[in-house]
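Reading through the structure tokens given below for one structure.
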Amino acid sequence: MKTIDCLGDMCPIPILKAQKALKLSPSGTTIKVVTDHSCTLESMLNHFKKYEITSTEVINGVWEIFITKS
1 MKTIDCLGDM
11 CPIPILKAQK
21 ALKLSPSGTT
31 IKVVTDHSCT
41 LESMLNHFKK
51 YEITSTEVIN
61 GVWEIFITKS
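Numbering follows the UniProt record's numbering, with no gaps: position 15 of the sequence shown is 15.
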């Protein structure tokens, strides 16, 4: 699993990083995006609708977003 550290990054930087990682990954791959901005979570959910996305708030204000490429 590839982890993308987006702590401190504002939108659209996390979206662009995730797009690049998904483009270079084969089907079935899951990438993990770590972010500290709630707007990034909402943007990911809206932008990557064709992928399976799960998320968890690991500590207050920090989320791990898992995107699986089908």
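For every residue, glycine included, the Cβ atom is placed at its ideal position computed from N, Cα and C.
Which residues bound the alpha helix (DSSP H) around residue i?
i          : result
residue 43 : 38 to 47
Could you work out which residue in the options is closest to residue i when comparing CA atoms only?
i           : options          : result
residue 148 : 34, 24 and 3     : Shown here, the chain extends from 1 to 70; a query on residue 148 therefore has no answer.
residue 51  : 69, 29 and 32    : 69
residue 22  : 59, 37, 43 and 4 : 4
residue 2   : 13, 31 and 62    : 31
Consider the Cβ of residue i: report whether some Cβ of chain C lies at a distance smaller than 7 Å.
i          : result
residue 61 : Annotation note: the requested chain C is absent from the structure, which comprises a single protein chain.
Could you spell out where the beta strand (DSSP E) holding residue i opens and where it closes?
i          : result
residue 70 : Counting along the chain, residue 70 falls outside any beta strand (DSSP E), and DSSP gives it neither H nor E.
residue 32 : 30 to 35
- Query: At what residue ranges does the UniProt domain "UPF0033" (4 to 28) contain a whole run of the alpha helix (DSSP H), taking only runs of 4 or more?
  - Reply: With a minimum length of 4 residues, the continuous alpha helix (DSSP H) runs that stay inside the UniProt domain "UPF0033" (4 to 28) are 13 to 24.
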